[in-house]
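Chains as they are written, first to last, in the numbering used here: chain A, 5 to 278; chain B, 51 to 536; chain C, 2 to 439. Don't be surprised by glycine CBs; every beta carbon is placed ideally from N, CA and C. Structure record follows, encoded as structure tokens.
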Amino acid sequence: MNIMTEQSLENAVGDKMSAKSNEVIKMRGDKVGVFYGEKQALFDVNLDVRQNQVTALIGPSGCGKSTFLRCLNRMNDTIDSARVTGRITLDDEDIYDKNIDVVELRARVGMVFQKPNPFPKSIYENVAYGPRIHGLAKGKADMDQIVESSLKKAAIWNEVKDRLQEPGTGLSGGQQQRLCIARAIAVSPEVILMDEPCSALDPIATARVEELIDELRQNYTIVIVTHSMQQAARVSQRTAMFHLGYLVEEGATDKMFTTPDDKRTQDYITGRFG
Amino acid sequence: MSSLLVLAIVIAIGVVAFLLGRQRAAAHDNGTVKPHSRAHYHGWWAFLLAVLPALLLLAVWNVGSSFYLDRHIHAVLPERTADSKVASEALDVSLVKSLSKGLRKLDGNTVLPASFAELQPLLAAKGVALATDTQDYMIPIAIEANKVQDRLGLFGAAVILALSIAGAFYALRQIAPRARARNNVERLMLWGLLAASTIAILTTVGIVLSMLFQTIQFFESVSPMSFFFGTVWDPRFAAAGSGGNQGQFGLIPLLAGTLYIAAVALLVAVPVGLMSAVYMAEYATPKVRSVVKPALELLAGIPTIVYGIFAVVTLGPFLRDLSAALTGGSPFIQGQSIFTAGLVMGVMLIPVVSSLSDDIITAVPRAMRDGSLGLGATRSETIKRVILPAALPGIVGAILLTASRAIGETMIVVLAAGVAANLTINPFEAMTTITVKIVNQLTGDLEFNSPQTLVAFALGLTLFALTLVMNIVALYIVRKYREQYE
Amino acid sequence: MTDIPMGSVVPAAAHPRRDIGLKARYAAERRFRIYGVLAISVGLAFLAIMLVTIVSKGYTAFWQTTVTLPISFDEKVIDPSNKRATDSSVLIKANYPKLADNALIAKLGIDPANKPMVMKLKGFLSEGARVQLRDIVAADPSVIGTTRNVDILAAANLDSAFKGQIDLGVDEARRKVSDQQIAWMNKLKAEGLMAEHFNTGLFSYGASSRPETSGMGVAIIGSFYMMVIVLLLALPIGVAASIYLEEFAKKNRLTDLIEVNINNLAAVPSIVFGLLGLAVFINFLGMPRSAAFVGGLVLTLMTLPTIIIATRAALAAVPPSIRSAALGLGASKMQMVFQHILPLAAPGILTGTIIGLARALGETAPLLLIGMVAFVADYPKTPFDPATALPVQIYMWANEAERAFVERMSGAIIILLVFLMAMNITAIVLRRRFERRW
């Protein structure tokens with residue numbers, strides 16, 4: 005384990021020296037396939053997720069984009085019948101390797117869900133939950149500090165700072181989703197996965213969350229599933245198009261939306277299906 | 051005429067009305083007017099009108115005439131004097147009634163002797179056993195009562211049959227192509243359905259009223275203060291009718307025993323049941339679940355008497371001998387003890403707790419689990435810090451429901467807890483409960499209207515009130531909890 | 002946004018690891034899992050222990066020891082003064098046990114004049130021999146004067162000894178079977194005259210003060226009557242009430258009240274229903290005590306909430322599309338319910354009913370209060386005759402001190418549990434088979 009880490013560190017540093025730019029691959033999917041029981045939901049997906057960029061996964065519903073997202077922090081493990089093939093790496097380490105601890109992985113790759121799901125606890129406790137279970141705070145003051153900075157990063161601090169002890173379920177939908185983002189940030193993950201984070205929100209709340217995503221890019225690597233192409237265009241640097249369980253096309257967002265290579269992508273972005 | 055015969059005739063009239071009605075309605079359907087209802091609905095309407103009012107009257111008549119008969123016997127019985135041989139007026143009436151019932155078994159032309167001593171062998175030959183304190187003067191009264199009853203029956207039967215026929219005629223005359231027979235039938239059906247659903251209310255009312263009456267009667271001879279706050283339970287089993295010392299009816303020792311045993315049971319059932327439910331809902335593979343779940347259901351399906359017998363035949367003696375072996379001499383756990391009863395009751399309640407909490411745990415939305423797991427929490431952290439706190443209100447409700455089961459449980463404590471009304475804090479001694487005393491006071495040959503039996507109803511009412519409050523609070527909490535996640 | 006050529010993309014450097022206390026957290030996880038496994042094991046272990054002890058105590062009850070003896074129906078014993086032609090009571094009052102004793106004495110080769118020896122025979126054969134032989138003679142008086150082989154029940158103590166349940170190491174004075182009796186028993190056994198047979202009496206006899214002639218016949222009939230009554234009353238009433246509440250009732254005070262009542266009644270202690278039965282059915286309405294009919298009524302009231310709750314769930318599970326389809330074709334609401342919804346909900350209703358019946362079959366406490374703890378030796382001919390019920394019979398045997406009663410009681414529990422399991426398994430299978438996902 006240690007040797008491997010050092011080696012990859014060495015490699016990475018070496019590569020970095022030779023590279024001209026600072027585009028770094030944070031996660032990589034290599035021939036990823038997913039089965040739910042007998043049924044295959046995802047076929048041979050090869051996809052890179054670049055550090056400090058927003059990668060958008062788009063495609064019609066049922067295309068496998070959420071399935072792929074859930075592989076990235078092994079949330080599929082919670083489904084009894086799910087089975088993953090191929091290789092997914094985080095910092096060049098196979099996350100499905102048996103040496104990799106799923107709890108630690110999820111602390112590094114956080115997730116925000118489609119429907120805001122604050123715990124039935126106070127706002128403060130919602131944010132403090134992650135740091136508390138992982139033992140990240142040294143004391144009460146430290147925890148206060150983590151909670152405050154997370155809420156600030158999630159751009160919700162001003163709205164909730166006077167009612168931190170009120171239940172998180174009492175917030176509006178958009179606020180709840182930002183609370184969930186703050187909750188994810190509080191663990192200081194390296195990657196944040198977002199599964200259609202705005203699908204349950206109104207346009208104003210959506211705009212706030214999109215702004216937030218763009219800001220978060222400075223410190224985190226973000227993968228977002230969305231079925232709104234406009235959203236993908238607004239927030240992402242790279243876009244991957246899924247269709248019927250296959251990755252159809254992947255590339256820089258500007259290029260995807262102006263000159264896609266694949267006919268299916270063309271059809272999709274022009275609204276022929278979706 | 052016997053009620054059964056009247057019933058049969060009324061139904062026969064109904065059947066005829068049904069056939070006639072259907073036939074007439076079918077005859078109306080000549081193709082010119084589209085009939086509103088199909089023919090058999092007309093038939094059913096005629097049947098219902100012929101039968102229902104008549105049956106209602108029959109029921110009322112039966113109840114009414116038995117009341118009338120009672121009053122009649124009361125009126126003709128000789129004045130009670132100090133040297134009356136029969137203990138009470140009510141007993142007087144009931145003796146006359148059983149005598150008149152017995153007389154009906156004799157042939158009509160038997161010559162009735164005037165003394166009960168001669169009458170008794172005649173009746174005994176017919177298989178009628180009568181109380182020996184039946185008096186001679188009751189014989190003419192009984193004969194007279196039978197005559198009155200016959201007259202009432204005959205008159206009633208005539209009225210009822212007339213009503214039935216009138217109903218049938220009325221329905222048959224109504225038949226026309228546009229008559230809304232189906233609506234009529236369905237409206238009656240709806241009333242029937244409503245009536246069926248009010249049985250639940252009637253049962254509750256029946257429970258409360260029946261127990262209330264007896265309890266009030268009980269409080270006429272024993273003051274509520276000494277019942278609710280008395281610390282001594284010693285209801286001398288007084289012989290019938292002998293006044294004097296009735297003993298003491300203190301509720302406290304029974305209530306204490308009830309609550310103590312229930313507490314021990316919950317101490318066993320809640321942690322074990324809750325952990326089982328958590329394991330089944332969150333960890334168990336489908337294969338394990340498919341084996342363990344039916345097994346737990348089986349545990350829940352075993353009647354409580356079996357648990358009680360296990361406690362008294364196997365576990366009690368085992369614990370007693372074990373404790374004797376541990377101290378090397380006298381056992382410190384008695385054969386019947388709070389601990390044994392509570393332990394066995396606790397095991398009985400495990401499936402209750404686990405199935406109630408299973409429902410509640412699975413009602414916590416999946417999003418909660420995902421949210422926690424997605425942050426890198428382990429499963430047990432998710433359960434302990436998110437799922438159980440979220441399910442807490444529901445679980446509290448489930449525990450309350452279980453507690454109410456524990457308090458009302460009878461057979462286990464009847465067999466395993468003991469009958470001595472002690473006040474003790476040692477869990478290895480015997481204590482008794484409210485339910486045990488209800489059974490004790492009501493099994494055996496006791497005069498019904500003595501405080502010794504009436505106290506059972508006061509105990510029952512206490513038990514009912516106690517569990518009612520717990521149930522309603524629990525059901526309210528659980529309902530609110532479910533609504534939260536719907 | 003920049004378009005960067007693929008060549009310049011590099012894999013990320015390994016991120017510095019944080020200590021998130023994994024070791025301790027996984028230890029806690031393991032502990033938690035172990036608690037869960039322990040909890041389930043406690044429940045299952047108890048179930049296993051209980052079943053094993055009951056079966057091990059009770060399976061022997063299904064066999065009963067009999068002694069095959071050539072009984073000579075001696076006229077001198079049965080009817081010494083030869084009056085049976087005129088006085089029918091002679092054949093009833095005759096000293097039948099003497100016939101059996103004589104046959105045994107002859108078989109064992111004891112000198113009838115040896116009084117102390119003959120005295121030792123006391124308690125070898127069951128008192129039930131009296132009834133057994135009387136019935137033979139009553140059925141066919143011509144048997145008098147002849148000899149025929151009859152299987153006579155051994156007394157309970159000998160039965161126990163024969164089954165090897167009596168510790169012969171105990172001092173003779175302190176056990177209920179003497180050494181002489183054991184010797185005789187072994188002699189008869191060697192001759193093949195004493196043997197165990199399947200115990201049909203356990204299923205047919207009524208109450209008796211002697212274990213070997215007591216059985217569950219009356220209890221089985223009583224329980225059967227009650228189950229029929231519960232089924233006939235609780236099922237239609239329960240279904241009708243559920244239909245009203247689920248399909249017709251408007252949300253108002255009355256339906257709320259009914260709802261609360263039903264849910265509460267499902268949780269009212271069963272003994273309270275017994276008090277209701279005693280006060281209302283027996284004292285107020287004057288119905289007979291100890292009768293299966295009253296028991297059936299009480300159990301009906303107790304079972305109703307269970308059936309109503311199950312039926313309502315089954316009705317609610319039928320999707321609205323079926324309702325719209327029926328109504329759209331012009332069916333009245335009543336027709337929709339009875340012709341479409343009810344048939345689809347039938348399996349669920351059936352399952353709930355079976356579970357309710359199983360609960361009623363095992364219920365004891367309310368029956369104690371309405372006088373079903375009674376010594377009933379004769380079969381009840383109608384539901385209005387005195388009867389007992391299976392669990393009540395078990396309770397009564399539990400209160401007897403003799404060892405052989407404990408054996409019978411355990412046997413009765415096995416039978417009750419077999420009935421209940423059969424019902425529960427039927428319910429589970431039905432539920433699995435007809436479970437429909439809409």
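Closer than 9 Å at the beta carbon, the chain C residues around residue i
i, result
"P344(B)", "N425, I426, I429"
"Q55(A)", "A13"
"V463(B)", "Per Cβ cutoff of 9 Å: no residues; V463(B) is ~10 Å from chain C at best."
Chain B contact for residue i (CB, 8 Å cutoff)
i, result
"M422(C)", "yes"
"L203(C)", "no"
"T225(A)", "no"
"R324(C)", "no"
"S129(C)", "Just to set this straight, residue 129(C) is Gly in the shown sequence, not Ser. No, G129(C) lies away from the interface with chain B (no Cβ there is under 8 Å from its Cβ)."
"T383(C)", "no"
Own chain, CB closer than 7 Å to residue i, minus 5 neighbours either side, in chain order
i, result
"P135(A)", "A141, M147, I150, A190, V191"
"N96(C)", "V78"
"Q170(B)", "L180"
"I185(A)", "V116, A158, L216"
"S271(C)", "M303, E364, A366, P367"
Proximal residues to residue i (C-beta, below 8 Å), its chain only, five neighbours per side dropped
i, result
"V143(B)", "D120, I123, H124, L127"
"K58(C)", "V407, E408, S411"
Partner residues on chain B for residue i, Cβ-Cβ distance less than 8 Å
i, result
"N121(A)", "P415, A417, M418, D420, G421"
Proximal residues of chain A, C-beta to C-beta of residue i below 8 Å
i, result
"E431(B)", "I137"
"G22(C)", "H138, G139"
Top-ranked residue by Cα proximity to residue i, from the options
i, options, result
"A428(C)", "T214(C), I350(C), V377(C), M118(C)", "I350(C)"
"A331(B)", "A29(C), K24(C), R34(C)", "R34(C)"
"A466(B)", "L368(C), Y396(C), M410(C), I259(C)", "Y396(C)"
"K43(A)", "R87(A), P201(A), N80(A), S203(A)", "R87(A)"
"G510(B)", "T485(B), S116(B), N490(B)", "T485(B)"
Exposure of residue i, with buried meaning 16 or more beta-carbon neighbours within 10 Å
i, result
"E170(A)", "exposed"
"G291(B)", "Bear in mind that the predicted position of G291(B) carries a pLDDT of just 46, short of 50, making it too unreliable to give a figure here."
"A60(A)", "buried"
"A359(C)", "buried"
"D95(A)", "buried"
"L105(C)", "buried"
"A280(C)", "buried"
"W283(B)", "buried"
"D20(C)", "exposed"
Interface flag, residue i vs chain C, CB-CB below 8 Å
i, result
"S387(B)", "no"
"A246(B)", "yes"
"I185(A)", "no"
"K30(A)", "yes"
"Y531(B)", "no"
Beta carbon proximity, residue i to chain A, threshold 8 Å
i, result
"T541(B)", "With chain B covering 51 to 536 only, the question about residue 541(B) has no answer from this structure."
"R435(B)", "yes"
"A29(C)", "no"
"R434(C)", "no"
"L438(B)", "no"
Neighbour list for residue i in chain B, Cβ cutoff strictly below 7 Å
i, result
"T262(A)", "Per Cβ cutoff of 7 Å: no residues; T262(A) is ~34 Å from chain B at best."
Amino acids of chain C, ordered along the chain, whose beta-carbon sits closer than 8 Å to that of residue i
i, result
"T428(B)", "R26, Y27, A29, E30"
"V116(A)", "Chain C residues near V116(A): none, gap ~20 Å exceeds 8 Å."
"R221(A)", "Correct list: empty, because the minimum Cβ distance to chain C is about 12 Å."
Cβ shell of residue i (< 6 Å), same chain only, five flanking positions each side left out
i, result
"A100(B)", "I63, G64, A67, S214, G217, A218"
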